[in-house]
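J.: First the structure, then my questions, so here it is.
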Amino acid sequence: MTDRRDGSESQPVLPWHSLSPRAAEEALQARPGGLTSDEAAARLAEFGPNRLAQARRRGVLMRFLHQFHNILLYVMMGAAVVTAVLGHWIDTCVLFAAVVINAVIGFVQEGKAESALDAIRAMLSPRAVVVRDGLRQEIDAADLVPGDQVILVSGDRVPADLRLVEVKELRLDEAALTGESLPVEKQLAPVAEDAPLGDRYGMAYSGTVVVFGQARGLVVATGMQTELGRINQLLAGIDNMTTPLLRQVDHFGRVLALVILAMSALLFAVGVWWLGHPPAEMFMMVVALAASAIPEGLPAIMTVTLALGVQRMARRKAIVRRLPAVEALGSVTVICSDKTGTLTRNEMTVQRVVCASLCVDVQGVGYAPEGYCEVDARRIDPAAYPALALSVRAGVLCNDAVLRQDEGQWRVEGDPTEGALLVLGEKAGFSAQAGRQDWPRLDVIPFESEHRFMATFHEPVPGEPWIFVKGAPERVLEMCRAQMGLDGVEQALDVDYWRRMATDTAAKGLRLLALACKRARPAGAQLAFADTESDFLLLALVGMMDPPRGEAIAAVADCHRAGIQVKMITGDHAETARAIGAQLAIGVGRPVVTGSEVALMDDRALREMVMSVEVFARASPEHKLRLVQAMQSQGQVVSMTGDGVNDAPALKRADVGVAMGNKGTEAAKEASDMVLADDNFATIAAAVREGRAVYDNLKKFVLFMLPTNGGEALLVIAAILFQLTLPLTPAQVLWINLVTSSTLGLALAFEPAEPGIMRQRPRPPGSPLLSGFFIWRVFFVSVLMMAGALGLFLWELNDGVDIERARTMAVNAVVMAEMFYLINSRHIFDSVLSREGLFGNRYVWLAIGACMLLQLMYTYTPFMHAVFGSAPLGRREWLDVIGAGLLVFLGAELEKAVIRHTPLGRRLRGEK
Numbered sequence: 051m052t053d054r055r056d057g058s059e060s061q062p063v064l065p066w067h068s069l070s071p072r073a074a075e076e077a078l079q080a081r082p083g084g085l086t087s088d089e090a091a092a093r094l095a096e097f098g099p100n101r102l103a104q105a106r107r108r109g110v111l112m113r114f115l116h117q118f119h120n121i122l123l124y125v126m127m128g129a130a131v132v133t134a135v136l137g138h139w140i141d142t143c144v145l146f147a148a149v150v151i152n153a154v155i156g157f158v159q160e161g162k163a164e165s166a167l168d169a170i171r172a173m174l175s176p177r178a179v180v181v182r183d184g185l186r187q188e189i190d191a192a193d194l195v196p197g198d199q200v201i202l203v204s205g206d207r208v209p210a211d212l213r214l215v216e217v218k219e220l221r222l223d224e225a226a227l228t229g230e231s232l233p234v235e236k237q238l239a240p241v242a243e244d245a246p247l248g249d250r251y252g253m254a255y256s257g258t259v260v261v262f263g264q265a266r267g268l269v270v271a272t273g274m275q276t277e278l279g280r281i282n283q284l285l286a287g288i289d290n291m292t293t294p295l296l297r298q299v300d301h302f303g304r305v306l307a308l309v310i311l312a313m314s315a316l317l318f319a320v321g322v323w324w325l326g327h328p329p330a331e332m333f334m335m336v337v338a339l340a341a342s343a344i345p346e347g348l349p350a351i352m353t354v355t356l357a358l359g360v361q362r363m364a365r366r367k368a369i370v371r372r373l374p375a376v377e378a379l380g381s382v383t384v385i386c387s388d389k390t391g392t393l394t395r396n397e398m399t400v401q402r403v404v405c406a407s408l409c410v411d412v413q414g415v416g417y418a419p420e421g422y423c424e425v426d427a428r429r430i431d432p433a434a435y436p437a438l439a440l441s442v443r444a445g446v447l448c449n450d451a452v453l454r455q456d457e458g459q460w461r462v463e464g465d466p467t468e469g470a471l472l473v474l475g476e477k478a479g480f481s482a483q484a485g486r487q488d489w490p491r492l493d494v495i496p497f498e499s500e501h502r503f504m505a506t507f508h509e510p511v512p513g514e515p516w517i518f519v520k521g522a523p524e525r526v527l528e529m530c531r532a533q534m535g536l537d538g539v540e541q542a543l544d545v546d547y548w549r550r551m552a553t554d555t556a557a558k559g560l561r562l563l564a565l566a567c568k569r570a571r572p573a574g575a576q577l578a579f580a581d582t583e584s585d586f587l588l589l590a591l592v593g594m595m596d597p598p599r600g601e602a603i604a605a606v607a608d609c610h611r612a613g614i615q616v617k618m619i620t621g622d623h624a625e626t627a628r629a630i631g632a633q634l635a636i637g638v639g640r641p642v643v644t645g646s647e648v649a650l651m652d653d654r655a656l657r658e659m660v661m662s663v664e665v666f667a668r669a670s671p672e673h674k675l676r677l678v679q680a681m682q683s684q685g686q687v688v689s690m691t692g693d694g695v696n697d698a699p700a701l702k703r704a705d706v707g708v709a710m711g712n713k714g715t716e717a718a719k720e721a722s723d724m725v726l727a728d729d730n731f732a733t734i735a736a737a738v739r740e741g742r743a744v745y746d747n748l749k750k751f752v753l754f755m756l757p758t759n760g761g762e763a764l765l766v767i768a769a770i771l772f773q774l775t776l777p778l779t780p781a782q783v784l785w786i787n788l789v790t791s792s793t794l795g796l797a798l799a800f801e802p803a804e805p806g807i808m809r810q811r812p813r814p815p816g817s818p819l820l821s822g823f824f825i826w827r828v829f830f831v832s833v834l835m836m837a838g839a840l841g842l843f844l845w846e847l848n849d850g851v852d853i854e855r856a857r858t859m860a861v862n863a864v865v866m867a868e869m870f871y872l873i874n875s876r877h878i879f880d881s882v883l884s885r886e887g888l889f890g891n892r893y894v895w896l897a898i899g900a901c902m903l904l905q906l907m908y909t910y911t912p913f914m915h916a917v918f919g920s921a922p923l924g925r926r927e928w929l930d931v932i933g934a935g936l937l938v939f940l941g942a943e944l945e946k947a948v949i950r951h952t953p954l955g956r957r958l959r960g961e962k
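Residue numbering for the sequence shown is 51 to 962, as defined by the working numbering.
Right, here's the structure in full:
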């Protein structure tokens with residue numbers, strides 16, 4: 051049991067939502083006058099303050115030192131030690147500086163991730179109004195205890211978990227906690243003990259917001275025992291996932307380090323004990339081999355490539371918070387998305403109006419009043435249909451919401467369903483502002499849950515009174531004696547027709563309202579319930595929903611073409627989720643699984659089910675977290691999107707957590723790896739494309755870099771085995787690596803995405819960085835480079851040229867081969883013998899130009915002659931060097947042609 055002062059296990063734990071208000075009062079020993087000050091103080095000492103506990107964190111120094119525990123940094127530090135042994139201090143300083151910079155970046159990013167818990171704690175209300183000692187008083191919310199009576203009014207943030215005992219028109223925005231897209235109307239009746247969080251209508255949970263009405267509730271849980279506290283505990287217990295690339299590079303680095311050590315030890319032993327070389331000379335040769343084989347440029351180029359990906363994603367409204375997430379996006383196999391605000395607009399929109407004998411479709415989505423009415427795909431003028439025009443008027447006038455435009459953005463103040471009716475009015479040419487001036491409201495009966503309707507009284511012209519009603523269809527139907535025909539003439543009420551149309555509209559996932567009117571004035575001085583009992587004319591049924599984003603529909607299709615599964619995990623109702631999913635082509639023809647069904651499954655059953663279902667409804671934070679973990683256990687790379695605090699645990703657990711920037715909570719943003727500045731699912735698809743391009747460029751760099759290292763290593767190995775003069779000194783090896791990594795390799799980071807990249811299947815999550823084909827390509831090009839350089843070196847020695855000039859030929863042959871091979875590397879399989887292939891990336895030629903300048907300095911400046919032992923070359927020698935480069939270029943293009951066009955090559959590539 052944990053310490054009672056943190057308010058955890060010492061609090062009474064009961065299914066409060068299934069208890070009546072009286073039973074809750076008895077269980078908490080609550081009285082009408084509230085707790086006394088002494089009782090409150092005693093309970094505060096017993097249960098602890100109403101705040102979320104902070105998890106223990108590593109100290110600043112330990113967090114910083116932990117950043118060095120990375121195989122990439124080990125490789126860089128190893129390379130730095132080698133250069134220090136060789137006395138190449140400039141390279142040593144550069145490498146150690148890169149190590150420190152990488153560690154600092156990781157340190158800063160980890161600090162940002164830890165602030166997710168702080169963001170959840172910030173959701174707690176700082177103050178609360180309670181009844182104590184028989185008096186209403188405002189206290190610090192941290193001093194709330196179980197049994198306190200809390201008073202809620204519109205605009206308040208609920209300060210603790212409450213069992214409601216009195217409500218008046220209470221509606222709460224629970225979207226951040228449950229994913230419910232609309233404010234939830236609260237009532238006092240108990241619900242089933244196993245009811246999902248979003249269906250517990252007698253509860254008000256900490257962190258949610260009162261959007262309308264008033265209430266009184268009993269505190270039943272504080273601090274870590276609240277639903278918000280449970281999410282905080284889930285989040286604190288989740289470790290950040292590493293990305294597929296880092297896992298691959300970690301494995302690659304370990305294998306490469308072992309290979310280098312084993313090869314160096316073997317060659318040292320062969321050279322000393324078999325070939326008889328002096329140990330000191332062999333040690334320098336082995337150091338040269340190690341220097342040539344260590345890919346010291348990989349971490350730096352990887353960082354640059356990822357950083358460029360971050361910039362490109364930022365231009366597409368995707369803000370990356372953790373650098374490795376750039377590549378991880380490119381490897382995702384499943385995208386799990388919240389519904390409200392991500393796949394949908396989070397803006398209720400009227401989509402259908404059903405009048406007598408007429409079904410009208412309404413075009414245009416969201417709060418922007420852009421759209422029109424149509425029947426059978428034919429645009430109509432609502433004014434030509436009296437029943438439709440009066441229905442629109444009734445929806446605008448019997449309405450408390452306000453539609454505003456701020457800085458080009460349309461928004462609704464008030465209930466979203468009422469806002470949707472105002473937008474419908476604007477589309478139909480009935481402005482709310484003008485309508486309310488011409489049809490002033492004289493009286494109103496506000497919406498109440500027990501009556502389920504709202505009524506308003508208007509008299510635009512003296513002697514022409516109107517009473518409009520909107521509400522639940524079954525309730526409004528009871529109030530009607532007739533219906534209005536399309537021509538405005540009263541007709542007999544066809545109850546079966548309206549019930550059939552209500553069922554059909556609801557089946558499409560639309561929220562229903564009925565509209566009716568009566569030409570009468572109140573019987574008394576004010577509009578009363580007696581005036582609304584009967585004699586109304588039924589005007590229309592209005593169907594509305596939070597529609598899918600148009601661009602999200604296209605983005606989901608793009609993901610499907612790219613072999614990525616898209617799953618909707620929402621806190622909303624199953625039928626709503628099913629309808630939205632059908633419009634997005636998610637889960638069509640498949641069952642919808644609810645959170646309560648997920649709760650009944652053990653981990654094995656969940657793993658077996660999770661990949662065959664695409665829509666999950668009524669999901670709690672625990673359900674979302676379990677679903678992500680189940681997919682990851684199946685080897686999937688999972689991206690999770692969301693905007694609420696209820697999404698935070700799953701966002702943190704996912705391989706790539708994606709939060710909404712506009713409507714997302716701070717808790718969701720801080721738990722994520724990436725934030726969408728436009729809250730648009732389509733941005734995720736664009737980011738996936740960028741992520742795939744980043745990984746492609748990293749592969750291209752590895753395929754470019756390793757043959758360089760391999761060619762140098764083969765030169766050294768050949769010299770040792772055949773007892774030749776060393777073609778390259780250790781210092782010259784480091785010069786080659788420095789020049790090619792800092793100039794040539796960097797150009798590949800700027801490669802644009804190849805055509806068709808989003809038509810490829812995601813790479814298998816467990817695939818190694820170097821496939822069998824890649825190993826073949828590295829070996830093949832390494833041999834070509836070694837053959838050209840060694841051949842020129844031996845040719846020059848045979849002609850009696852001094853060793854300095856022969857080595858300068860070998861160095862320039864290797865670098866020239868890399869210049870040509872850089873052009874080859876722009877496409878892994880496709881030929882570069884085209885205008886696009888040769889000139890499609892201007893940075894390639896800029897890099898070649900810079901590298902050529904460095905090589906001319908190396909070859910002709912006296913300072914370089916003194917440091918590296920180089921010597922000037924003549925015209926004939928340069929032609930020979932270019933020939934060595936062409937050998938590699940043409941050989942690589944021939945190999946790619948074989949791979950593309952022969953069955954053996956396609957098998958080597960991995961195709962069937």
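Built from N, CA and C at the ideal position, the CB exists for glycine as well. Computed from a predicted structure; not experimentally measured.
Would His508 be called buried (16 or more neighbouring beta carbons within 10 Å of its own) or exposed?
T.: In the sequence shown, counting from the first residue as 1, residue 508 sits at position 458. Flag for His508 reads buried.
J.: Threshold first: 4 residues or longer. Then list the alpha helix (DSSP H) segments lying entirely within the segment 755 to 817, N to C.
T.: 780 to 789
J.: Out of Thr858, Arg177, His501, Cys609, which has the shortest C-alpha to C-alpha gap to Asp206?
T.: Here the question's residue 206 lines up with position 156 in the sequence shown. Ranking the options by Cα distance to Asp206, first place goes to Arg177.
J.: Compute the Euclidean distance between the alpha carbons of Ala451 and Ser441, then round it to the nearest angstrom.
T.: The residue labelled residue 451 in the question sits at position 401 within the sequence shown. The residue labelled residue 441 in the question sits at position 391 within the sequence shown. When rounded, the distance between both Cα atoms is 17 Å.
J.: Which two residues bound the contiguous alpha helix (DSSP H) that contains Ile614?
T.: In the sequence shown, the residue the question calls residue 614 occupies position 564. Premise fails: Ile614 is in no alpha helix (DSSP H) and is neither H nor E.
J.: To test your reading of the DSSP string, which unbroken alpha helix (DSSP H) runs of 4 or more residues are found completely within the segment 693 to 740?
T.: If we require 4 residues or more, the alpha helix (DSSP H) runs fully inside the segment 693 to 740 come out as 698 to 703, 716 to 721.
J.: Is the segment 255 to 264 touching the segment 82 to 98 in the sense that three or more CB pairs, one from each, lie closer than 8 Å?
T.: no
J.: Under 8 Å by Cβ, that's how I've got Val882 and Val688 pegged, so tell me the actual separation to the nearest angstrom.
T.: To locate residue 882, count along the sequence shown from 1; it is residue 832. To locate residue 688, count along the sequence shown from 1; it is residue 638. Between Val688 and Val882 the Cβ distance is about 36 Å, and since that is not below 8 Å, they are no contact.
J.: Look at the Cβ atom of Val410, then the Cβ atom of Val400, and state whether they are nearer than 7 Å.
T.: As a working note, residue 410 is residue 360 in the sequence shown. As a working note, residue 400 is residue 350 in the sequence shown. No, the pair does not count as a contact, with Cβ atoms beyond the cut-off.
J.: By how many angstroms is the C-alpha of Ala364 removed from the C-alpha of Gly475?
T.: Residue mapping note: residue 475 aligns to position 425 of the sequence shown, counting from 1. Residue mapping note: residue 364 aligns to position 314 of the sequence shown, counting from 1. The straight-line gap separating the alpha-carbon atoms of Gly475 and Ala364 is approximately 38 Å.
J.: Taking the alpha-carbon positions, what's the Ser875 to Thr228 distance?
T.: As a first step, residue 875 must be located in the sequence shown, where it is residue number 825. As a first step, residue 228 must be located in the sequence shown, where it is residue number 178. Cα to Cα, the separation comes out at about 50 Å.
J.: Going straight from the alpha carbon of Asp596 to that of Ala700, what length do you get?
T.: Along the sequence shown, one-based indexing puts residue 596 at 546. Along the sequence shown, one-based indexing puts residue 700 at 650. Spanning the two alpha carbons is a distance of roughly 24 Å.
J.: Following the continuous beta strand (DSSP E) through Ile495, name the residue where it begins and the one where it ends.
T.: The residue given as residue 495 occupies position 445 in the sequence shown. Element bounds for Ile495: 491 to 495.
J.: Determine, for Ala92, whether the minimum Cβ-Cβ distance to residues of chain C falls below 7 Å.
T.: Considering every chain present, this structure includes no chain C. It has just one protein chain.
J.: Round the Cβ separation of Gly741 and Val376 to the nearest angstrom and send it over; I've been treating them as touching at under 8 Å.
T.: Your numbering for residue 741 matches position 691 in the sequence shown. Your numbering for residue 376 matches position 326 in the sequence shown. So it is a contact: roughly 6 Å between Cβ atoms.
J.: Could you tell me how far apart the beta carbons of Ala437 and Ala406 are, in whole angstroms, since I believe they sit closer than 8 Å?
T.: By one-based count along the sequence shown, residue 437 stands at place 387. By one-based count along the sequence shown, residue 406 stands at place 356. Confirmed, about 6 Å.
J.: Alpha carbons only, please: which of Leu634, Ile932, Phe830 is nearest the one belonging to Met866?
T.: Your numbering for residue 866 matches position 816 in the sequence shown. For the residues Leu634, Ile932, Phe830, the minimum Cα distance to Met866 belongs to Ile932.
J.: Going by beta-carbon coordinates alone, are Tyr251 and Gln237 separated by less than 7 Å?
T.: Counting from one through the sequence shown, the residue named residue 251 turns up at place 201. Counting from one through the sequence shown, the residue named residue 237 turns up at place 187. Yes, the pair counts as a contact, with Cβ atoms nearer than the cut-off.
J.: Check each candidate in Trp516, Pro515, Gly538, Val545 and name the one with the smallest Cα separation from Arg525.
T.: Counted from its first residue, the sequence shown places residue 525 at position 475. Here the closest residue by C-alpha is Val545.
J.: Beta carbon of Leu212, beta carbon of Val200: below 7 Å?
T.: As a working mapping, residue 212 is identified with position 162 in the sequence shown. As a working mapping, residue 200 is identified with position 150 in the sequence shown. Going by C-beta atoms, Leu212 is nearer than 7 Å to Val200.
J.: Arg16: which of Asp697, Glu927, Gly707, Ser817 sits nearest, CA to CA?
T.: The chain is shown from 51 up to 962; residue 16 falls before or after that span and cannot be answered.
J.: Looking at the strands, I want to know which residues DSSP matches up with Leu212.
T.: For the purposes of this step, residue 212 is taken as the residue at position 162 of the sequence shown. According to DSSP, Leu212 bridges with Ala254, Val269.
J.: Give me, in chain order, the residues of the same chain whose beta-carbon lies closer than 7 Å to that of Ala627; leave out the 5 immediate sequence neighbours on both sides.
T.: Taking the sequence shown and counting its residues from 1, the one referred to as residue 627 is at position 577. Correct list, in chain order: Lys389, Met618, Thr620, Val642, Val665, Ala667.
J.: Scan the segment 379 to 430 and note each continuous alpha helix (DSSP H) run of 4 residues or more that stays entirely inside, going in chain order.
T.: none
J.: Quick check on Gly98: does DSSP put it in helix, strand or coil?
T.: Locating residue 98 in the sequence shown gives position 48, where the first residue counts as 1. Correct three-state label for Gly98: coil.
J.: Count the other CB atoms, across all protein chains shown, that sit within 10 Å of the CB of Asn848; report buried if there are 16 or more and exposed otherwise.
T.: Translated into positions along the sequence shown, residue 848 becomes position 798. Classification for Asn848: exposed.
J.: I'd like to confirm the pairing. Which residues does DSSP put opposite Met504 in its beta bridges?
T.: Mapped onto the sequence shown, residue 504 falls at position 454. Paired residue(s): Lys520.
J.: Among Asp728, Glu468, Thr858, which one has its Cα closest to the Cα of Ile786?
T.: The residue you call residue 786 lines up with position 736 of the sequence shown. For the residues Asp728, Glu468, Thr858, the minimum Cα distance to Ile786 belongs to Thr858.
J.: For the structure I just gave you, are there three or more beta carbon pairs, one from the segment 675 to 693 and one from the segment 706 to 719, closer than 8 Å?
T.: Three or more Cβ pairs drawn from the segment 675 to 693 and the segment 706 to 719 lie within less than 8 Å of each other, which places the two stretches in contact.
J.: Taking Met594 as the reference, which of Thr467, Ala580, Arg429 has the closest Cα?
T.: If you number the sequence shown from 1, residue 594 lands on position 544. Closest option to Met594, Cα to Cα, is Thr467.
J.: Do Ala482 and Val446 come within 7 Å of each other at the CB atom, strictly closer than that value?
T.: Taking the first residue of the sequence shown as position 1, residue 446 is located at position 396. Taking the first residue of the sequence shown as position 1, residue 482 is located at position 432. Contact: yes.
J.: Can you look up Ile369 in the DSSP assignment and give me helix, strand or coil?
T.: The count along the sequence shown starts at 1 and reaches residue 369 at position 319. Strand.
J.: Out of curiosity, what's the CA-to-CA distance linking Ala552 and Leu588?
T.: As a working note, residue 552 is residue 502 in the sequence shown. As a working note, residue 588 is residue 538 in the sequence shown. Taking the straight line joining both Cα atoms gives about 13 Å.
J.: Rounded to whole angstroms, what is the Cα-Cα separation between Asp554 and Leu222?
T.: Within the sequence shown, numbered from 1, the residue matching residue 554 stands at position 504. Within the sequence shown, numbered from 1, the residue matching residue 222 stands at position 172. Each residue's alpha carbon lies about 29 Å from the other.
J.: Of the residues Lys750, Val789, Leu937, Ala947, which one's Cα is nearest the Cα of Met352?
T.: Against the sequence shown, residue 352 aligns to sequence position 302. Of the listed residues, the one whose Cα sits closest to Met352 is Lys750.
J.: Which residue from Gly806, Phe480, Ala578 puts its Cα closest to that of Asp488?
T.: Reading the sequence shown from its first residue, position 438 is the one you call residue 488. Nearest of Gly806, Phe480, Ala578 to Asp488, Cα basis: Phe480.
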